[in-house]
Structure formats: C-alpha cells, structure tokens
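Written out below as structure tokens is the structure these notes cover.
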Amino acid sequence: MACASDNNLESVELAMQIPLPNSSSTLDINSSSVSVALQSDIPSVDNVASIHRNQSSLPPVDRGFGAWSFLTAAFFVEAIVWGFPTSFGVFLDAYLNDTKYASQPKASSLLPLIGPVSTGIIYCSGQSSKSAPSPIAASNSFGLGPFITPVITRYPYHKRTSMYVGTILCWVSLFAASYTTQVIKLVALQGALYAIGGSLLYIPCISYLSEWFHHKRGFANGVVFAGTAVGGILLPLILPPLISSYGPPKTLRILSIAIALLIVPLLPLIKGRLPESRIRAMGPTPRGRGNAEWTKSISFWILVLANTFQGFGYFVPIVWLPTFASDLNLNSSTSSIALALLNCGSVIGRLATGYLSDKINPWFLGLSILASTSAATFILWGVLSYDLAGLLSFSLAYGILASGWTSTWNGFTKPLSPNDPNLSTTLFGVLLFSRGIGNIFSTPISSALTSLHSNSTTSSFTHTSNHLGFDVGGGKFEKMIVYVGMCFAGAALIALVGWVMDAAIRRRSFGRQEQQS
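Laid out in structure tokens, this is it:
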C-alpha cells in the first residue's frame with residue numbers, strides 16, 4: 009500500500025512538472041516549494057484529468073518487469089563496456105612482453121595509457137554543464153570537451169540512437185585495432201575510440217536509472233556498478249588463453265565480434281520509464297536556466313574533491329597488478345586470477361555499499377571505505393604481498409573496499425535531486441568527470457614512480473629482509489604503493505571534513521526548525 013502511495017505521489021509531482029496543455033504556462037510543484045508561472049488561462053478540469061490518466065499508465069517505480077528488465081540489461085552493458093578497459097592489465101602484460109610492441113619508441117610509457125585513456129574518457133564524457141545557473145557559469149563548469157550528457161539531456165529522443173552508434177564504435181575500434189601493431193594507433197583505437205563508443209552506450213543507462221528507481225536507487229546503482237566487476241572477473245580468465253593461442257591481434261578481433269553480439273539483443277530493454285516529451289520539458293532551458301541549488305552546496309564540492317583524490321589512486325593497482333604478479337615470477341594465468349579476485353571482491357563491495365547507501369549516512373560510509381582502503385594498501389600490498397597468498401589477500405580486500413566508493417554516490421546526490429532525472433544525471437556526470445581526471449593522470453604518475461627506481465639502487469625504505477611487498481621487482485613498486493595509500497588517506501581526510509561540515513549544517517537546520525516551532 010505504501011509503495012502504491014509513493015508511486016501516486018511521484019506521478020502527481022511529475023505531472024505538474026510538464027508544460028500545461030494549450031498554454032505557455034509552467035506549473036512546478038515539488039516537496040519543498042511551490043512555484044506557479046502563468047502567462048495564459050489555467051487548464052480545464054478535463055485537461056488535468058487527462059494528465060492523471062496518462063500518469064496511471066506509467067510502469068511502477070522500484071518494481072515490475074520494466075524496472076527489473078532495465079536493471080538486468082544495464083548490468084550487462086556495464087559489464088561489457090567497462091570490463092574490457094578495466095581488464096587491460098592482461099593486455100598490457102602481453103604487449104610489454106612482445107618485442108613488436110615493446111621495442112617501439114616510448115612504448116613503455118604509451119602502452120600503459122591505453123586502459124586509463126579509455127576509462128578516463130568514459131568518465132569525463134559524463135559531465136554536463138547545462139544545469140549551470142547562467143551561460144557564463146555553464147562555460148566555466150567543466151563545459152569544455154566532448155561531453156555527451158548535455159546532448160542527451162537536451163534531446164532525450166537521441167538516447168537510443170546514441171546507444172546503437174556506441175555499439176558500432178565499440179566494434180569498429182577493437183576490430184580496427186586488431187590490424188595494427190603501432191603503439192600510437194593502439195592508444196587511439198583501443199583506448200580513445202573504444203571509449204567514445206562506450207560513453208554513447210553507458211551514459212544513457214545512467215540517465216534512465218533515476219527514472220526507474222527512487223527508494224531503491226542506491227541498490228540499483230550498486231547492481232549496475234557491479235557489472236564492471238563481473239566483466240573484470242570473466243575477462244582476466246578468458247583473455248590469457250586467447251592471447252596465448254592467437255596473440256593480441258586475433259584476440260581483439262574475437263572480442264570485437266563478441267561485444268557486438270552480446271550488446272545488440274540488450275538494447276531494446278534499455279529504455280526510459282517516462283515519455284521523452286516529459287523529460288525534455290523537465291530539462292534545462294536553452295538560456296541555461298535550471299535547478300542550480302546544487303552548485304551552492306559546499307558539501308557536494310567537498311565530495312567532488314574527495315572523489316578526485318580517490319580516482320588518482322584507485323586505478324593504479326588495477327593496471328599494474330598483472331605486472332606486479334609477473335615480478336613475483338607467477339605465470340600469466342595465476343596473474344589473471346589475482347585481477348579476477350579483485351573484481352570478484354568488487355561485486356561484493358559495490359552491492360553491499362549500494363544497499364547501505366540507502367540506509368546510513370553517506371559521509372560515514374565513504375570515510376570508512378577510504379580509510380580502510382588506505383590501511384589495506386599499506387599493510388596487505390606493501391607488507392604482505394611478497395608471495396601469491398599475500399597478493400590474493402590484497403586483491404580481494406582491495407576489491408571489496410575500494411570499489412564500493414562509487415556506490416556511495418547515490419547517498420550524496422539523492423537529497424539534491426528528488427524526482428529530477430536530469431539533475432541526477434548531471435550530478436553523476438560531475439562525479440564521473442572528477443573521477444576521470446584522476447584516472448587519466450594516475451597512470452603517467454605511477455609509471456614515473458616505477459621509473460624513478462631505475463635511477464637508484466637502494467629503496468627509500470630500509471628493509472631488514474626481502475620478504476615485503478615493497479621489495480618486489482627490486483623495489484620498483486615501492487613508491488607506487490605509497491602513492492596509492494596516500495591518495496586514499498587524503499581522500500579520507502577530506503571526507504572527514506565533509507562529514508563534520510554536513511553534521512554542523514544539519515544541526516543549524518534543526519535548530520532553526522525548533523525555533524520556528
């Protein structure tokens with residue numbers, strides 16, 4: 009009964025956020041304010057009744073075939089789109105051990121960029137500047153670059169076209185990459201072009217999710233984000249035997265065909281709950297006006313800063329874990345198990361964190377994740393990962409802890425975007441963009457940290473034995489491990505500041521309410 013009531017309430021709210029029939033009027037009603045702007049006659053009773061009849065025909069929120077079939081399809085699209093770049097460490101190990109690639113100029117610095125360039129572009133393409141309060145603010149709110157969200161927000165009827173174009177580009181990028189051995193072309197095709205196609209597929213999924221889920225949105229986000237981990241579980245197990253039998257070029261060809269065959273049947277299930285005309289009406293105006301309250305939220309921008317620090321550290325182990333395992337003298341199959349175990353932990357972490365984000369304070373949840381990940385990096389990776397057992401322990405712990413961070417986003421953004429799918433997409437876009445910044449720059453930084461070791465024969469740490477993770481590869485991963493641990497520690501400190509400020513704001517708000525009552 010409560011669920012039906014919630015759906016009816018949401019229907020009334022959404023009905024009142026569309027242009028009134030036969031007029032240029034706009035009536036906007038939400039839970040916190042009522043604003044009426046009338047420039048012509050109030051609509052007739054028959055027109056209002058028609059709106060309510062249309063609302064009753066919408067699929068239910070948080071339940072039903074439409075919601076769950078969308079979530080299932082979005083989960084698999086996420087697994088396919090993100091699984092490949094997040095498993096790039098397997099390809100990186102193959103490239104670095106093949107003289108056709110490794111002997112080319114600057115190969116050692118360019119090849120590690122392919123995976124982070126791919127994921128970084130997908131993250132950054134999600135940024136939207138269209139909810140900025142003015143044209144000037146829009147141009148300064150991360151408004152530069154090939155961002156996709158502004159287009160699909162302004163023209164929602166292009167979302168499905170975007171997904172089909174994205175599928176074609178994902179196939180073309182990998183298929184074309186299979187016919188080149190030039191490193192710079194691999195970066196452009198396997199990295200950049202694949203990312204553009206993946207963005208065209210991924211961003212519409214995120215924009216539709218807030219239409220289908222409200223009370224269970226945190227859990228739904230966790231399910232979708234867990235798709236990345238599932239792709240990361242399967243591909244590290246599938247890729248090594250394929251690369252060993254056919255080599256990187258033919259493996260890319262096989263993957264390109266498999267991706268197309270898997271995604272195309274899923275596309276009909278990925279669609280919105282609300283009519284496109286209504287989402288268009290709820291979107292920002294051409295002059296840049298819209299809901300800009302979120303831009304004034306100090307807590308949100310502290311979250312963005314913590315999110316950026318987390319992004320600078322998070323992707324480093326994912327890229328370098330297979331190489332680290334190789335320096336432990338483990339074979340490629342065993343190395344892939346470590347990466348698969350990390351992604352297996354990610355499934356657990358993202359689902360659990362997504363569920364918890366609907367229940368508890370997101371600042372407390374985020375701080376716990378960041379602080380514990382920092383400790384796990386120093387202890388499990390830096391100290392105990394001197395053998396297979398230690399490496400597998402770190403992989404599982406890191407997957408469970410670090411990967412849950414993105415599932416906390418809903419807890420932060422939901423209060424800022426009640427019943428507004430476009431604003432919810434915009435907030436996620438800002439977080440994706442800031443995370444993408446860290447993703448792109450983390451690999452050059454980590455590559456530089458490993459190369460610093462070649463200039464020194466001694467480690468910056470004084471070890472009494474060679475049985476530490478810091479010592480693996482002659483100590484070349486030492487500075488990288490410290491860097492990752494410090495990134496998470498810095499993000500945790502920022503989250504602590506955000507939690508304290510958020511608590512102070514809540515106390516002041518509660519005090520004002522008490523005085524008014």
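Numbering (our numbering), first residue to last: 9 to 525. C-beta: ideal position from N, C-alpha, C; glycine also.
Measure the alpha-carbon distance for residue i versus residue j and round it to whole angstroms.
i, j, result
"I204", "Q198", "10 angstroms"
"F73", "V89", "24 angstroms"
"V191", "F323", "21 angstroms"
"I310", "L439", "11 angstroms"
"L349", "Q523", "54 angstroms"
"G374", "S341", "34 angstroms"
"L460", "L79", "45 angstroms"
"V505", "V355", "29 angstroms"
"I265", "G498", "42 angstroms"
"L277", "K224", "19 angstroms"
"C178", "I211", "14 angstroms"
"P124", "E86", "17 angstroms"
"S382", "T331", "21 angstroms"
"S142", "N339", "With a pLDDT of only 30 at S142, under 50, the local geometry of the prediction cannot be trusted, and the value read off the model is given with reservation. Near 56 angstroms, if we compare the C-alpha coordinates of N339 and S142."
"N55", "G357", "The pLDDT assigned to N55 is 47, lower than 50, so where the model puts this residue is not dependable; a value taken from the coordinates is nonetheless given after this. Approximately 48 angstroms, taken between the alpha carbons."
"G362", "K108", "44 angstroms"
"L399", "N337", "12 angstroms"
"L201", "A511", "44 angstroms"
"A228", "K114", "42 angstroms"
On the DSSP letters alone, give me the boundaries of the alpha helix (DSSP H) that residue i sits inside.
i, result
"E301", "Neither: E301 is in no alpha helix (DSSP H) and is coded neither H nor E."
"L217", "202-220"
"T127", "122-133"
"K537", "The displayed coordinates of the chain run from 9 to 525. Any statement about residue 537 would go beyond what the structure contains."
"I278", "Where I278 is concerned, there is no enclosing alpha helix (DSSP H), given that its DSSP letter is neither H nor E."
"T80", "72-94"
Does residue i come out as helix, strand or coil in the three-state DSSP assignment?
i, result
"N430", "helix"
"N229", "helix"
"Q112", "coil"
"S517", "helix"
"L388", "helix"
"Q524", "helix"
"G493", "helix"
"H166", "helix"
"D510", "helix"
"S137", "Bear in mind that a pLDDT of 38 at S137, under 50, signals an unreliable position, so the model cannot answer this."
"L66", "coil"
"M9", "Caution applies to M9, whose pLDDT of 43 falls short of 50 and renders its modelled position unreliable; the value that the coordinates give is listed next. M9 falls in the coil class under three-state DSSP."
"G419", "helix"
"K193", "helix"
"F485", "coil"
"N105", "coil"
"S425", "coil"
"D479", "helix"
Give me the residue from the options with the minimum Cα distance to residue i.
i, options, result
"P426", "S111, Y131, W302", "W302"
"G446", "T80, A379, Y131, S77", "Y131"
"L194", "S415, L270, F99, L269", "F99"
"S454", "T259, W507, P120", "P120"
"G419", "S382, S365, A405, A81", "S365"
"L435", "F308, G255, N229", "F308"
"F317", "G493, S133, Q112", "G493"
"S170", "A196, G128, S215, S126", "S215"
"V232", "T421, A360, I368, W371", "A360"
"C352", "V238, E86, S111", "V238"
"I489", "L388, G226, S77", "L388"
"S95", "A200, F518, L118, I122", "I122"
"I246", "S343, S403, K279, V327", "S343"
"A405", "P452, W371, L347, I368", "L347"
"K304", "N369, D335, K487, L424", "L424"
"P273", "A75, H475, T175", "T175"
Unbroken stretches of the alpha helix (DSSP H), 4 residues or longer, contained in the stretch 316-379: 340-365
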